[in-house]
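Reviewing the structure listed below.
2 protein chains.
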Amino acid sequence: MANPMYRQIAEDLQGQIKTKELRPGSQLPTELELRDRYSASRNTVRDAIKWLTNLGLVTTRPGQGTFVVEDTDPFVTTLSGDPKTGFGGGEGTRYRSEVTKRNKEPTTSPIQVEIQEAEPDVAQLLGKPGGIVVISRHEKRFIDGKPWSMQTSFYPMEFLSRGADRLSQPFDIEEGTVQYLANTVGIHQVGYRDWLVVRAPDTPEAIFFQLPPDGRTSIIQISRTAYDGNEQPMRVTVSVYPADRNQLLFEFGQVPKQDTDRES
Amino acid sequence: MANPMYRQIAEDLQGQIKTKELRPGSQLPTELELRDRYSASRNTVRDAIKWLTNLGLVTTRPGQGTFVVEDTDPFVTTLSGDPKTGFGGGEGTRYRSEVTKRNKEPTTSPIQVEIQEAEPDVAQLLGKPGGIVVISRHEKRFIDGKPWSMQTSFYPMEFLSRGADRLSQPFDIEEGTVQYLANTVGIHQVGYRDWLVVRAPDTPEAIFFQLPPDGRTSIIQISRTAYDGNEQPMRVTVSVYPADRNQLLFEFGQVPKQDTDRES
DNA sequence: GCAAATTTGTTCGTATGTATT
DNA sequence: CAATACATACGAACAAATTTG
Numbered sequence: 268m269a270n271p272m273y274r275q276i277a278e279d280l281q282g283q284i285k286t287k288e289l290r291p292g293s294q295l296p297t298e299l300e301l302r303d304r305y306s307a308s309r310n311t312v313r314d315a316i317k318w319l320t321n322l323g324l325v326t327t328r329p330g331q332g333t334f335v336v337e338d339t340d341p342f343v344t345t346l347s348g349d350p351k352t353g354f355g356g357g358e359g360t361r362y363r364s365e366v367t368k369r370n371k372e373p374t375t376s377p378i379q380v381e382i383q384e385a386e387p388d389v390a391q392l393l394g395k396p397g398g399i400v401v402i403s404r405h406e407k408r409f410i411d412g413k414p415w416s417m418q419t420s421f422y423p424m425e426f427l428s429r430g431a432d433r434l435s436q437p438f439d440i441e442e443g444t445v446q447y448l449a450n451t452v453g454i455h456q457v458g459y460r461d462w463l464v465v466r467a468p469d470t471p472e473a474i475f476f477q478l479p480p481d482g483r484t485s486i487i488q489i490s491r492t493a494y495d496g497n498e499q500p501m502r503v504t505v506s507v508y509p510a511d512r513n514q515l516l517f518e519f520g521q522v523p524k525q526d527t528d529r530e531s
Numbered sequence: 268m269a270n271p272m273y274r275q276i277a278e279d280l281q282g283q284i285k286t287k288e289l290r291p292g293s294q295l296p297t298e299l300e301l302r303d304r305y306s307a308s309r310n311t312v313r314d315a316i317k318w319l320t321n322l323g324l325v326t327t328r329p330g331q332g333t334f335v336v337e338d339t340d341p342f343v344t345t346l347s348g349d350p351k352t353g354f355g356g357g358e359g360t361r362y363r364s365e366v367t368k369r370n371k372e373p374t375t376s377p378i379q380v381e382i383q384e385a386e387p388d389v390a391q392l393l394g395k396p397g398g399i400v401v402i403s404r405h406e407k408r409f410i411d412g413k414p415w416s417m418q419t420s421f422y423p424m425e426f427l428s429r430g431a432d433r434l435s436q437p438f439d440i441e442e443g444t445v446q447y448l449a450n451t452v453g454i455h456q457v458g459y460r461d462w463l464v465v466r467a468p469d470t471p472e473a474i475f476f477q478l479p480p481d482g483r484t485s486i487i488q489i490s491r492t493a494y495d496g497n498e499q500p501m502r503v504t505v506s507v508y509p510a511d512r513n514q515l516l517f518e519f520g521q522v523p524k525q526d527t528d529r530e531s
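Structure representation (structure tokens):
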């Protein structure tokens with residue numbers, strides 16, 4: 268009896284969810300019913316539900332009720348690939364082929380291009396701690412119309428004057444930016460480093476991904492710094508994924524083809 | 268006035284935290300003081316504090332007060348490496364060298380060895396969806412005495428009878444398990460796939476990592492499946508890291524040496 | 001070492017607002 | 001419009017953890 272009552276109620280409900288006595292998607296008894304069932308006050312029942320909400324087991328909908336969350340089929344993204352070619356770009360092609368395999372409808376927003384002073388983070392990764400002006404190319408991604416990830420790539424401004432003018436145009440670069448930069452600027456990507464952080468969403472992210480505004484759902488942020496043959500950073504790509512619907516794969520060396528389905 | 272009062276109070280405090288008016292580590296006014304300051308009830312003030320707690324901005328300590336969370340110096344782990352050698356093992360050596368670089372005191376628990384039926388997840392990754400008996404080697408890791416990560420490696424039972432008997436002994440395999448398996452069983456690792464999931468901690472994890480029991484802090488789980496030259500899985504290593512104090516790096520191709528310090 | 005004061009945690013009751021059916 | 005269900009807000013009392021005198 269060490270636990271407070273609202274925890275005991277929460278644990279009881281949690282057990283019913285685990286044993287599927289309360290199925291995913293089904294509605295819990297209303298707060299008033301639970302109040303009678305557990306001989307507690309409505310506020311105490313609400314504390315129990317709040318606990319389960321924070322654990323990500325249930326969601327509440329005003330005017331409707333409290334529901335057991337559905338298991339969402341996670342989207343699996345493979346982030347490695349040949350460091351010298353296509354996917355290193357992190358834009359476009361690989362993303363589409365990954366998704367279509369799984370019977371989903373991928374779409375992307377138009378590419379939004381801006382010229383800006385780089386954030387300190389990005390400037391640091393680009394090897395210019397003092398600051399640097401960059402071209403940023405931003406893209407939003409959807410699957411079956413639902414927001415799935417956001418990505419922004421940052422390129423040094425000088426790439427423009429050196430001939431890579433398509434970087435400043437809001438259109439997809441079909442052959443991949445790695446290939447494009449090799450052809451136009453003569454800079455060849457030879458490797459990259461991914462830096463992975465899990466953090467709370469900021470407000471724009473919470474809005475775009477339709478996350479609950481309380482920061483319960485984490486964001487996986489991957490900052491990919493690509494390097495050329497002179498060990499100089501040539502691009503930083505920041506991708507963010509809501510952690511509740513995404514899983515990531517990294518492959519090294521010889522690995523058999525993916526058996527595309529698995530469960531958690 | 269769209270926002271409820273507790274949100275307005277939370278936003279006001281959030282602003283003070285952002286501008287360092289309330290410094291990291293410092294104590295917020297008590298609930299009673301905030302109640303007077305905002306002309307609200309204590310419960311409403313508590314709702315505001317709960318909101319900030321969920322955002323990870325403050326923590327409450329019974330009997331003491333509410334405090335702005337300190338920025339913790341995150342531990343950065345590099346998870347890639349030569350797919351054929353040392354670190355592929357994921358045990359021991361690489362971990363130590365990574366940590367000592369950063370002036371910390373890494374320690375590990377004794378290795379705990381068990382023979383068990385593999386969990387469905389693990390069996391699936393090992394290519395035996397029907398189930399398989401495995402040797403599991405479990406290890407807990409600390410930095411400066413604080414819990415930092417846990418890791419369990421699973422090897423097919425048959426490796427024992429084929430000569431790799433040290434797998435069943437609760438001692439570090441200094442030369443690395445990859446090398447050891449190559450020498451004893453003649454199985455050579457040629458690559459691996461990391462599968463990354465972010466999820467809520469389970470109870471043992473919450474206890475070991477001293478996480479708040481409400482599941483607010485996520486766990487980063489990486490399941491590494493290592494493959495031999497015949498495209499057969501030879502090992503699965505599951506590592507878990509609390510997301511609030513860990514960042515991960517993955518490197519591909521040619522990448523310059525890490526500039527070991529950075530900030531978020 | 002103990003008692004008092006302080007501070008957060010739990011639980012109840014009640015009233016009213018807002019979203020949905 | 002009415003009924004239902006969750007959301008917000010207030011007030012009150014006691015419990016538990018911690019610090020202070």
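Going down the list, the sequences are from chains A and B. For the first sequence, our numbering begins at 268 and goes up steadily by one. For the second sequence, our numbering begins at 268 and goes up steadily by one. For glycine and all other residues, C-beta sits at the position ideal for the given N, C-alpha and C. This structure is a prediction, so every number in the text was calculated from the model and none was measured.
Tell me which same chain residues have a C-beta within less than 6 angstroms of the C-beta of residue i, skipping the five on either side of it?
| i | result |
| --- | --- |
| B:T419 | S403, H405 and V505 |
| B:S347 | F517 and E518 |
| B:I489 | D461, L463 and S506 |
| A:Q283 | L289 |
| A:T311 | M272 and Y273 |
| B:G359 | Its pLDDT being 42, under 50, B:G359 is placed unreliably by the model, and the measurement read from it follows with that caveat. Correct list, in chain order: D439. |
Mapping the DSSP letters down to three states, classify residue i as helix, strand or coil.
| i | result |
| --- | --- |
| A:S364 | With a pLDDT of only 48 at A:S364, under 50, the local geometry of the prediction cannot be trusted, and the value read off the model is given with reservation. DSSP places A:S364 in helix when its eight states are reduced to three. |
| B:D595 | In this structure chain B extends from 268 to 531, so residue 595 of chain B is not present and cannot be described. |
| A:R313 | helix |
| A:K285 | helix |
| B:P329 | coil |
| B:L478 | coil |
| A:P509 | strand |
| A:V445 | helix |
| B:V452 | coil |
| A:P377 | coil |
| B:I276 | helix |
| B:D469 | coil |
| B:L319 | helix |
| A:P387 | helix |
| B:L516 | strand |
Do you know how far the Cα of residue j is from the Cα of residue i?
| i | j | result |
| --- | --- | --- |
| B:K317 | B:I382 | 44 angstroms |
| B:D279 | A:F475 | 24 angstroms |
| B:T352 | B:T492 | For B:T352, the pLDDT reaches just 48, beneath the cut-off of 50, and the residue's location in the model is therefore unreliable, although a value from the coordinates is still provided. C-alpha separation (whole angstroms): 15 angstroms. |
| A:E388 | A:Q514 | The identity of residue 388 of chain A in the sequence shown is Asp, whereas the question assumes Glu. C-alpha separation (whole angstroms): 24 angstroms. |
| B:A307 | A:D411 | 45 angstroms |
| A:A510 | A:P471 | 16 angstroms |
| B:R512 | B:T345 | 14 angstroms |
| A:A385 | A:G394 | 11 angstroms |
| B:V522 | A:Y459 | 6 angstroms |
| A:G330 | B:L299 | 33 angstroms |
| A:F421 | A:A473 | 22 angstroms |
| A:A390 | A:L301 | 54 angstroms |
| B:L319 | B:A277 | 6 angstroms |
| B:D340 | A:G332 | 42 angstroms |
| B:D439 | B:N450 | 16 angstroms |
| B:K287 | B:P479 | 25 angstroms |
| B:T375 | B:M417 | 9 angstroms |
Where does residue i land, buried or exposed, given buried means 16+ other C-beta within 10 angstroms?
| i | result |
| --- | --- |
| B:P468 | buried |
| A:F517 | buried |
| B:R290 | exposed |
| B:P396 | exposed |
| A:P500 | buried |
| B:N321 | buried |
| B:R429 | exposed |
| B:R433 | exposed |
| A:G482 | buried |
| B:R408 | buried |
| A:R309 | exposed |
| A:K285 | exposed |
Going by beta carbon distance, what residues of the same chain come within less than 7 angstroms of residue i, once the five residues before and after it are set aside?
| i | result |
| --- | --- |
| A:P437 | P377, I378, Q379 and V380 |
| B:D314 | Y273 |
Residues in the same chain with beta-carbon distance under 8 angstroms from residue i, minus the five sequence neighbours each way, listed in chain order, please.
| i | result |
| --- | --- |
| A:M424 | I382, I399, V400, V401 and I402 |
| B:P296 | R304 |
| A:N270 | E278 |
| A:V465 | S485, I486, I487, Q488 and A510 |
*Is the number of C-beta pairs between the region 446–455 of chain B and the region 494–501 of chain B that are closer than 8 angstroms three or more?*
yes
_At least 3 beta-carbon pairs within less than 8 angstroms: the region 480–487 of chain B vs the region 440–447 of chain B_ = no
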